[in-house]
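Here's the structure, in structure tokens; my notes come after.
2 protein chains.
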Amino acid sequence: MSAPSSTHRVAIIDRDSAFLTVLGKRLDAAGWQHRALGGAVPADELVAMKINALLVDLTVLPAEDAWPFLERVCGMMPGLGVIVCTTDSTVAQRVRGLRLGADDWIAKPCHPEEVMARIEAVVRRRRRASGETERGPTVVGELEIRPDQFQAFVGGASLDLTRREFELVKTLSESEGSVIERGEIYRRVWGYEMAHGDRSVDVFVRKLRAKIQKQSPSWSYIHTHFGIGYRFQPEPVDGLAPPPEASASAPAVLPEDEASEAPLEDADATASALSS
Amino acid sequence: MSAPSSTHRVAIIDRDSAFLTVLGKRLDAAGWQHRALGGAVPADELVAMKINALLVDLTVLPAEDAWPFLERVCGMMPGLGVIVCTTDSTVAQRVRGLRLGADDWIAKPCHPEEVMARIEAVVRRRRRASGETERGPTVVGELEIRPDQFQAFVGGASLDLTRREFELVKTLSESEGSVIERGEIYRRVWGYEMAHGDRSVDVFVRKLRAKIQKQSPSWSYIHTHFGIGYRFQPEPVDGLAPPPEASASAPAVLPEDEASEAPLEDADATASALSS
DNA sequence: AGCGCACGGTTACAGGATTTTCACAGGCCC
DNA sequence: GGGCCTGTGAAAATCCTGTAACCGTGCGCT
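Listed in order, the protein sequences are those of chains F and X. Position 38, counted from 1, in the first sequence is what our numbering calls 38; the numbers after and before it change by one each time, with no gaps. Counting the second sequence from 1 gives a position; our numbering is that position plus 276.
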């Protein structure tokens, strides 16, 4: 599942533990995923981390490696936001770094909040340029949700959803497996607070169910939770042979594939190999 | 150095004549087009200048105008690189500026070369992903889109598109197959944020459809997606034999609208009104 | 200078499509 | 069984788009 575009993924190459601690707290508070690395990391490992931004103190690298490292990283990942953060840099160094592809260069000591703001600025700019929205199609059960078409499909056939209906499946499917309150659904789809007694969500869930069931009758997707809201989870309808749509082989009813979500928070295997 | 790409267009809002002089020389040396403004400029004038980057000393604006100005400019032109350059800023101010949409914030005094490098970094980031325009002609369906002519053709005959109309087909065809929201289309073609209730996109789509259909009646290109926007995709119109349009009227088109190229170098009329 | 035209942009209107609102029937839970 | 909740179907209210006519500007021509 595509990450909720709001969260940033940041890698930090530094050894100043005080700085790391303070910054780490701010990053957590902002809800950004982050990971500290103790030194240079092969560029392809950085790629694998799927980060949006890299904050690097060039002085932790051996002097002769610093510039090549910067150049390689920037060259390999044009979409990555690169921010250099060092003490005592000269104008010439900063210019060189920026010319090599860095997006920003901050002088230490610096306020963590400013670092945050600069990371955000860099990532923001990068996102804007690269087409803004997440365009990756998502597949859940027999359903295929395509943001680039503002539409959902089953076996290639369009469900013919209206905009609201589409936003609704998209929203629900983004929280696949967990129950969402009506108010929350409304807020995410309509964009503002739900008025008391508004039944819009129910009505649209009904329309959605109808359109989905018409094309994918052997699966059940939207489950009602009395007094709370709805839960999106594809399940084969009991007592119904799943008409094998040739390939629709993904009956994984318990889809905790959050695995793909966090190549960032866990072990420091990559770092330890290099951290002195 | 990424010189080969088209030249940068930079506007500078500042009054420090020494700084302007020195920086101006560097900008000339680098071959970037630039223009100094003495004070705030209506956001839509900035739009008309078609600049890539704006360097602004917020202290030349009346204190109460500075933040709103920054916010308005960044909001209206998401693609514009905005760099603030001031003396004596606090962390809080820098954070605020960056959060409002500025891409970078430099402290004066600063070395002009570093300013150059930072401008370049900001502009580079913006271009890299947005895949600079291709010069090669594109063929979609019966349509041939020739960026070098600022014109589209069907079987060699010009569609006689105006500049806007051309930018519109070009933009749409670059995202062939996927649905684009009105606001996004507007942003790409007009270059800034669409005002609520603006119908320009619809009107130009209509003009475009008319001109295309006149020369290529057996194909359908621009599809409406209710509540969202449009999708460009050539499709043969069901049951229609291509009637050979014998109209030999098409007057040879010489597209010398290079006029739009140079709204940057001239007078400071706009500035004087505000420089009090 | 005066004129007319092409072009970009705005507005008004009409026909549809979509969204909201309502009233009622059927469930769920205590 | 009673008091909430949710599912349904349809009417009413809104919103959206295609269309055409209308301005203001800039430009070339006379």
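Backbone N, C-alpha and C fix where the C-beta goes; we use that ideal spot for every residue, glycine too. Quick caveat, the model's predicted, so the values are computed rather than measured.
Short CB-CB distance (under 7 Å) between residue i and chain X
{"i": "alanine 121 of chain F", "result": "yes"}
{"i": "phenylalanine 204 of chain F", "result": "no"}
{"i": "alanine 107 of chain F", "result": "no"}
{"i": "aspartate 14 of chain F", "result": "no"}
{"i": "aspartate 148 of chain F", "result": "yes"}
{"i": "leucine 98 of chain F", "result": "yes"}
{"i": "arginine 188 of chain F", "result": "no"}
{"i": "arginine 125 of chain F", "result": "yes"}
{"i": "alanine 48 of chain F", "result": "no"}
{"i": "glutamate 113 of chain F", "result": "yes"}
{"i": "arginine 9 of chain F", "result": "no"}
{"i": "valine 91 of chain F", "result": "yes"}
{"i": "arginine 163 of chain F", "result": "yes"}
{"i": "arginine 199 of chain F", "result": "no"}
{"i": "arginine 182 of chain F", "result": "no"}
{"i": "arginine 128 of chain F", "result": "yes"}
For residue j and residue i, believed in contact at Cβ under 8 Å, the rounded distance
{"i": "tyrosine 230 of chain F", "j": "valine 205 of chain F", "result": "6 Å"}
{"i": "valine 332 of chain X", "j": "valine 360 of chain X", "result": "6 Å"}
{"i": "leucine 23 of chain F", "j": "leucine 54 of chain F", "result": "Leucine 23 of chain F to leucine 54 of chain F, Cβ: 13 Å. No contact."}
{"i": "threonine 447 of chain X", "j": "isoleucine 461 of chain X", "result": "6 Å"}
{"i": "leucine 98 of chain F", "j": "arginine 394 of chain X", "result": "6 Å"}
{"i": "arginine 440 of chain X", "j": "valine 465 of chain X", "result": "7 Å"}
{"i": "histidine 34 of chain F", "j": "isoleucine 13 of chain F", "result": "Histidine 34 of chain F to isoleucine 13 of chain F, Cβ: 12 Å. No contact."}
{"i": "leucine 376 of chain X", "j": "glutamate 418 of chain X", "result": "The pair is not a contact, with the Cβ atoms about 47 Å apart (cut-off 8 Å)."}
Beta-carbon proximity check, residue i vs residue j, cutoff 7 Å
{"i": "glutamate 389 of chain X", "j": "valine 82 of chain F", "result": "no"}
{"i": "glycine 177 of chain F", "j": "methionine 194 of chain F", "result": "no"}
{"i": "alanine 312 of chain X", "j": "leucine 296 of chain X", "result": "yes"}
{"i": "valine 479 of chain X", "j": "serine 449 of chain X", "result": "no"}
{"i": "phenylalanine 153 of chain F", "j": "isoleucine 504 of chain X", "result": "no"}
{"i": "glutamine 215 of chain F", "j": "alanine 157 of chain F", "result": "yes"}
{"i": "phenylalanine 345 of chain X", "j": "alanine 316 of chain X", "result": "yes"}
{"i": "histidine 223 of chain F", "j": "valine 123 of chain F", "result": "no"}
Below-7 Å beta-carbon distance, residue i vs any chain F residue
{"i": "aspartate 379 of chain X", "result": "yes"}
{"i": "alanine 393 of chain X", "result": "yes"}
{"i": "valine 336 of chain X", "result": "no"}
{"i": "arginine 370 of chain X", "result": "yes"}
{"i": "serine 525 of chain X", "result": "Caution applies to serine 525 of chain X, whose pLDDT of 37 falls short of 50 and renders its modelled position unreliable; the model cannot decide the point."}
{"i": "glycine 503 of chain X", "result": "yes"}
{"i": "glycine 407 of chain X", "result": "With a pLDDT of 48 at glycine 407 of chain X, under the threshold of 50, the modelled position of this residue cannot be trusted, and the question is left open."}
{"i": "proline 413 of chain X", "result": "no"}
{"i": "phenylalanine 295 of chain X", "result": "no"}
{"i": "serine 454 of chain X", "result": "yes"}
{"i": "proline 354 of chain X", "result": "yes"}
Of the listed residues the options, nearest to residue i (C-alpha basis)
{"i": "lysine 207 of chain F", "options": "F:Leu58, F:Asp148, F:Leu159 and F:Asp198", "result": "F:Leu159"}
{"i": "aspartate 292 of chain X", "options": "X:Gly314, X:Lys326 and X:Ser365", "result": "X:Gly314"}
{"i": "threonine 86 of chain F", "options": "F:Met77, F:Arg72 and F:His111", "result": "F:His111"}
{"i": "alanine 319 of chain X", "options": "X:Met352, X:Pro338, X:Trp308 and X:Ile289", "result": "X:Met352"}
{"i": "glycine 137 of chain F", "options": "F:Asp148, F:Arg128 and F:Arg127", "result": "With the sequence shown as reference, residue 137 of chain F is identified as proline, and glycine is not the correct amino acid for it. Minimum Cα distance to proline 137 of chain F is reached at F:Asp148."}
{"i": "valine 455 of chain X", "options": "F:Arg146, F:Ala18, F:Ala29 and F:Val123", "result": "F:Arg146"}
{"i": "glycine 191 of chain F", "options": "F:Gly197, F:Lys211 and F:Glu167", "result": "F:Glu167"}
{"i": "valine 10 of chain F", "options": "F:Phe232, F:Asn52 and F:Asp104", "result": "F:Asn52"}
Problem set entry | Within the segment 101 to 140 of chain F, ranges of the beta strand (DSSP E) (whole runs, at least 3 residues) | Listed in chain order, they are 104 to 107 and 138 to 140.
Exercise. In chain order, which continuous runs of the alpha helix (DSSP H) of length 4 or greater are located wholly inside the segment 448 to 472 of chain X?
Worked result: Correct list: 458 to 466.
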